[in-house]
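Worksheet: the structure to be examined is printed underneath.
Number of protein chains: 2
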Amino acid sequence: MRRTVLLLMAAAALAASAAILAPGTGHADQEVFVTQIPAGYRDWKLVSVAHEEGNLNDLRAILGNDVAFKAYREGKLPFPDGAIIARIAWSYVPSEENNKVFGRAQSFVPGPPPDWYLQFMVKDSKKYAATGGWGYAQFDKDGKPAPEAKMKTCFPCHEPIKARDYLFTRYTP
Amino acid sequence: MRRTVLLLMAAAALAASAAILAPGTGHADQEVFVTQIPAGYRDWKLVSVAHEEGNLNDLRAILGNDVAFKAYREGKLPFPDGAIIARIAWSYVPSEENNKVFGRAQSFVPGPPPDWYLQFMVKDSKKYAATGGWGYAQFDKDGKPAPEAKMKTCFPCHEPIKARDYLFTRYTP
Chain H
93 MRRTVLLLMA
103 AAALAASAAI
113 LAPGTGHADQ
123 EVFVTQIPAG
133 YRDWKLVSVA
143 HEEGNLNDLR
153 AILGNDVAFK
163 AYREGKLPFP
173 DGAIIARIAW
183 SYVPSEENNK
193 VFGRAQSFVP
203 GPPPDWYLQF
213 MVKDSKKYAA
223 TGGWGYAQFD
233 KDGKPAPEAK
243 MKTCFPCHEP
253 IKARDYLFTR
263 YTP
Chain L
93 MRRTVLLLMA
103 AAALAASAAI
113 LAPGTGHADQ
123 EVFVTQIPAG
133 YRDWKLVSVA
143 HEEGNLNDLR
153 AILGNDVAFK
163 AYREGKLPFP
173 DGAIIARIAW
183 SYVPSEENNK
193 VFGRAQSFVP
203 GPPPDWYLQF
213 MVKDSKKYAA
223 TGGWGYAQFD
233 KDGKPAPEAK
243 MKTCFPCHEP
253 IKARDYLFTR
263 YTP
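In order, the protein sequences belong to chains H and L.
Quick note on our numbering: the first sequence kicks off at 93 and runs consecutively.
Quick note on our numbering: the second sequence kicks off at 93 and runs consecutively.
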């Protein structure tokens, strides 16, 4: 009897914590952000690369987890829940070593991480309903998430490409 | 009896073709090149990215198969046999779409494949002994290998970085 009561209490406690830890649902008018760096992202497959000039001045790689990579390859829109896109940026620096071999200044390679080293988009159509089904994340080189004010600028910037499920990056074969 | 003879004949034929198909060994003074595109290279993990200006003017990604990627991560030199590095280059083109959203011309993305779309380095310390243990490969966008005269320029260019096992690209975390 005592055992049954304990088990019931444990079950109740578990249910309560599950409710607390559950993904934020319900408030579709409220933006929800991703605050944890997705595990193993550096091992994901390559979607594409880019160079941003201007204030950013970075070289960047866009990687996708298996769900995202499959959707990219198959050209499936919208992306299914579980898809995660990672954007890694490195500062854009000349390679003295390569230039010496080439005999001219032409080679640019990744340097130290810039202010906003990592960005992620996590697909969960319920949890992130308010922002097109994608949760946005941004981290500095120490893994610290960007402040909420900065995070609120993600979705408006991605909105113009709603027709491609808010993804700027195209898969490059 | 007849069956045994047939089996022996088949075994002899197999042995003969194996000898013909065996990797070119022996002539360490003769350069041997890779003439087949390694299977599945587009699924390999990302080692790094770069932008080459000048005549090349490309955006490039450097990928490694599991053996190469492990060696890169662990900083192990020389790379073990079986390691393969892939270099994919895309022409360097502005992204009208991204620039419109950014409100300025700053975004460069991969365009169509350039003349020499794919390069590979395949580690086999015996087969490619004449060129530092690496076999070199270069293919155009139609998968056609580069002519031998062009292939002979690979190794001399990589020789200055012998200390890093002839690999220009550093792993970028």
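Yeah, the Cβ is synthetic: ideal placement off N, Cα and C, and Gly gets one too.
This structure is a prediction, so every number in the text was calculated from the model and none was measured.
Closer than 9 angstroms at the beta carbon, the chain L residues around residue i
i	result
Val159 of chain H	Simply none; closest approach about 15 angstroms.
Where residue i meets chain H, residues with beta-carbon distance less than 7 angstroms
i	result
Thr264 of chain L	Trp182 and Pro202
Unbroken beta strand (DSSP E) run spanning residue i, endpoints
i	result
Val214 of chain L	Leu210 to Lys215
Ala181 of chain L	Ile176 to Pro186
Val124 of chain H	Note, Val124 of chain H: premise wrong, no beta strand (DSSP E); not H, not E.
Glu145 of chain H	Segment: none, Glu145 of chain H is in no beta strand (DSSP E) and carries neither H nor E.
Arg152 of chain L	Asp150 to Gly156
Amino acids of chain H, ordered along the chain, whose beta-carbon sits closer than 9 angstroms to that of residue i
i	result
Ala84 of chain L	Because chain L here runs from 93 to 265, residue 84 of chain L falls outside it and cannot be looked at.
Any chain H beta carbon closer than 8 angstroms to residue i
i	result
Phe247 of chain L	no
Asp257 of chain L	no
Leu113 of chain L	Residue placement at Leu113 of chain L is flagged as unreliable, the pLDDT there being 39, under the threshold of 50; a coordinate-derived value is accordingly withheld.
Partners in chain L for residue i, counting only beta-carbon separations shorter than 8 angstroms
i	result
Pro252 of chain H	Lys192 and Val193
Ser217 of chain H	Residues of chain L passing the Cβ test: none, with the nearest at roughly 23 angstroms.
Those residues which DSSP pairs with residue i across a bridge
i	result
Phe231 of chain L	L:Leu210 and L:Pro237
Leu138 of chain L	L:Leu155
Val201 of chain L	L:Val185
Neighbour flag for residue i against chain L, beta carbons, 8 angstroms
i	result
Phe260 of chain H	yes
Glu166 of chain H	no
Gly146 of chain H	yes
Gly224 of chain H	no
CB contact check: residue i to chain C, cutoff 8 angstroms
i	result
Gln211 of chain L	Protein chains in the displayed structure are H and L, and chain C is not among them.
Residue span of the alpha helix (DSSP H) that contains residue i, given as start and end
i	result
Phe247 of chain H	Cys246 to His250
Neighbour list for residue i in chain L, Cβ cutoff strictly below 7 angstroms
i	result
Asp135 of chain H	Lys137
Beta-carbon neighbours of residue i, restricted to chain H and to distances below 8 angstroms
i	result
Glu196 of chain L	Reading off the sequence, residue 196 of chain L comes out as Arg, not Glu. Chain H residues near Arg196 of chain L: Gly146.
message: So, does the stretch 191-198 of chain H touch the stretch 229-243 of chain H, judging by three or more C-beta pairs under 8 angstroms?
response: no
query: Pairing CB atoms from the stretch 165-178 of chain H with CB atoms from the stretch 203-223 of chain H, are three or more of them under 8 angstroms?
result: At 8 angstroms Cβ cutoff, the stretches touch.
Inter-stretch contact (C-beta, 8 angstroms, three-pair minimum) for the stretch 129-146 of chain H and the stretch 176-191 of chain H: yes
query: For the 8 angstroms Cβ check, are there 3 or more pairs between the stretch 137-157 of chain L and the stretch 197-207 of chain H?
result: yes
query: Is there contact between the stretch 148-161 of chain H and the stretch 205-213 of chain L, where contact requires at least three CB pairs shorter than 8 angstroms?
result: no
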